[in-house]
Amino acid sequence: MKTRLFLLFILLIGWAFSVHATSSHSNTALNIERLWQLQRLGSPVVSSDGNFIVAPVTKFDVAKDKGDTQLWLFDAKGKPARALTSAKLRASEPVFSPDSSQLAFISKRADDQMGQIYILPLTKPGEAKRLTNVPTGVKGIKWVGQHLYFISSVWPKKTWVEMEGLLKKQKETTVSARQWNALPYSSFDHFINEDRQAHVFRIPAGGGQVEPITEPMGRQLVRSSQSGLSYDIDPNEQNIAFNSNGWENQVYTKTDIFIGKIGSHQVVNITPENNAPDFSPKFSQSGKTLAYLSRSILGFYADTAVIKLYDLKGKETKTLNIDKDRSVTNIIWADNGRDFYSSIDDAGTRRIYHINGKTGKTRAITKDTNFGTPKLLGSRKLVTTNESFLYPKRLVVINARSGKFNRIDSLNETVMAEVELGTYESVTYKGADGQDIQMWVHYPPGFDKTKKYPLMMLIHGGPHNAITDGFHYRWNAQTFASWGYVTAWPNFHGSSGFGQAFADAINPDWRTKPLKDVQLATKWFEQKSWIDPERMVAAGASYGGFLSATLLGDKHNFKAFLIHAAVYNMYSQMSADFAVHSPRFGSYWEQPEIYKTISPHFYAENFDTPTLIVHGQLDYRVPVGQGFELFRTLQTKGVESRMIYFPDENHWIMKPNNSIYWYNEVEQWMTQFAKPGGI
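Numbering (mature numbering (1 follows the signal peptide of the UniProt record, and there is no 0)), first residue to last: -21 to -1, 1 to 658.
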């Protein structure tokens, strides 16, 4: 068994945060109230001169049950930061002008009905001024050359005045009906308007007329994914590359990369042969090469993504296979215009890698913990966020050669200085088929190995979303541990970051190997002198809820379950925006035995363990009926159970007071069946 023990961490004032530190004056647990006192750092952007960094920072007011986001300006050398925008005037998506003298961002102010682009001078005094007045709002902004580009969801072939009229009519109508003639009809927590299309537009940075870019080309962006990652503009403003649906019938989403000449009707699909998603186009600094990411299996989001390189002049595509069995899910071009940097899931961590653009050779720049998608800071440095189980996101500057990094923000120091945290470690045990399974184990503050503690087994979702060494607000293992539980996150078969074969090992059988992995993880704990096998509980959300419901109907030693937003019935999951049915293995009418074997509802006769069920009405990823089906089943069988329903939440519990309520209810439920603390 390989163990990496991480010591207590207390946030330090200053630079150099390369090691875990031990607290000497901790005085309280990381409870839910403190989680909501923490400021949340967004993705940073860097000025072209390399001197400044801007990032959104969100602070929550629990009394008002909302958060306000303002933009902060950080000095790359670590000098004191300052707020650029007011918290009351929410701002997002900052982008620097090419000469670093101005900052554009999205905000909804004064009489704005939707978010608009505002521009703030940085080198001279002045207030932010609105640039756009687009009735359908803007998102996904980019500043390239003399223009600001953005996405808006519009009615095709309508003027802005006509669209204003349509929006007004929508507000005034008493008819609430929606209709669709094709998929998709929903995305995560909202319905998709089939009458509108996502298109890219641009406007001169100095003001002027809005110009349509993609609408004249006759191709819209993917409706369910509209962000700056959906398109890119070459530095010379000659071409646009964007994601669009490869097929009209989007039962299974196949996205292609299209390249069009800006200002013309010319557009070409450069990925027609691939019957799986191609995404995230990125032009090189010269504009001569387009890099993008590509998968080869339709309907399998954990399929290894590889880098493709398209030569705009020769119109040829090459595949850049890296020398590591990992999926590349984000890229930025290195300053030499050939290589790349990427933040990659890697065995329970998220590390930044350098990728040779010619050979595919990789080099890990960072080690443990979690690092976000990097941004270039000159030729030898990177800027990104860093977090671990023991501290929330912070802003760091990384030496791209040595991997050493310095922190340049001071967010959350006061709150974290008051917090007593437990230790955590990575362990490895034998799971299904005798394969090694990595697992994170968190110990309560003041853990005493001479005592016996209850176990809270946490089961991650996805099913392929591995638990990496990062700070989690909705399911914080340190908060659970502070209640007095040893807390575990096993990265069972199917988890990302352990190779393609490991991720694909649960297809199409979502049940067998992950179930065995969790059962063997439980046995691993039962053999420890500091675990009380009579005080064990389990909790999972989404696919983790599915696996918890699977355990509920199988052999286990848990005294209670928390099942949140669970896929309970594989048949009725067909109504979701992310159905479990796939072209690879067929639907339930084509492969009935597969679905009968893995669907938890077929094992209801074995349900006899107290279960807390949680679901949100706005959850279109796993529709709310799944939770009510499970609750009614348990009630009908006479099994002690409770249903918590949030009419205003989606797949996640996002609002401050709802989150506080969720944590308190979970703690009470678990305490009822497994007394916390060492005995």
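Where is the CB? At the ideal position from N, CA and C, for every residue including glycine.
Taking C-beta separations shorter than 6 Å and ignoring five residues to either side along the sequence, the partners of T283 in its chain run S306 and Q479, following chain order. The C-beta distance from N470 to M435 rounds to 16 Å, too long to fall under 8 Å, and the pair is not in contact.
DSSP places D302 outside both helix and strand once states are collapsed to three, so it counts as coil.
Secondary structure within the stretch 464 to 535: the beta strand (DSSP E) runs of 3 or more consecutive residues, fully enclosed, are 465 to 470 and 510 to 520 (chain order). Looking at F581, K287, T7 and P635, the one whose alpha-carbon comes closest to that of R490 is F581. Remark: C-beta atoms of Q552 and Q605 approach each other more closely than 8 Å. When the five nearest sequence neighbours on each side are left out, the beta carbons in the same chain lying within less than 6 Å of the beta carbon of S76 are those of W122, in order along the chain. Closest option to S405, judged by alpha-carbon separation, among I416, L63 and V41: I416. Pairing G239 with T352, the inter-Cα distance amounts to about 27 Å. Of D78, S79, L82 and Q49, the smallest CA-CA separation from K67 is found for Q49. Short of 8 Å from the beta carbon of N636, and not among the five residues preceding or following it, lie these beta carbons of its own chain, in chain order: V41 and D44. Sixteen is the threshold: when 16 or more other Cβ atoms of the shown chains lie within 10 Å of the Cβ of Q81, as they do, the residue is buried. According to the DSSP assignment, W139 belongs to the alpha helix (DSSP H) that extends over W139 to E151.
Between the beta-carbon of I387 and that of A55 there is about 7 Å, and that keeps the pair under the 8 Å contact cut. As a beta-bridge residue in DSSP terms, M622 pairs with I592. Beta-bridge partners assigned by DSSP to Y370: S367. Annotation: the continuous alpha helix (DSSP H) that includes P635 extends over P635 to F652.
Membership of K346 in any beta strand (DSSP E) is not indicated, and neither H nor E is assigned to it by DSSP.
For the options D511, L530 and T615, the alpha carbon positioned closest to that of K495 is the one of L530.
For V603, same chain residues with a beta-carbon under 6 Å away, outside a window of 5 residues either side, are H594 and Q596 in chain order. In terms of Cβ geometry, D302 and K337 do not form a close pair [threshold 8 Å].
T612: member of the alpha helix (DSSP H) spanning G604 to K616, first to last residue. According to the DSSP assignment, I387 belongs to no alpha helix (DSSP H), since it is labelled neither H nor E.
With respect to the C-alpha of V601, the residue from V546, K616 and D587 having the closest C-alpha is V546. In this structure, DSSP gives R330 an extended state, which the three-state scheme calls strand. Burial of G524 is indicated by the presence of at least 16 other C-beta atoms within 10 angstroms of its C-beta.
Here V25 is buried, its C-beta having at least 16 other C-beta atoms within 10 Å. Considering only E190, F564 and K492, the residue with the shortest C-alpha distance to K409 is K492. Look at H580 here: in three-state DSSP terms it is helix. The Cβ atoms of Y599 and F167 lie closer than 8 Å to each other. Secondary structure note for F167: it is in no alpha helix (DSSP H), with a DSSP letter that is neither H nor E.
Boundaries of the beta strand (DSSP E) harbouring V33: F31 to D40, taken from the DSSP string.
Taking the CA atoms as reference points, G197 sits about 15 Å from Y210. Inside the stretch 46 to 76, DSSP marks whole beta strand (DSSP E) runs of 3 or more residues at positions 70 to 75, from first to last along the chain. Here T348 is actually not in contact with T364; their C-beta atoms are around 11 Å apart, not less than 8 Å. Here the alpha carbon of N309 sits roughly 11 Å from the alpha carbon of K354.
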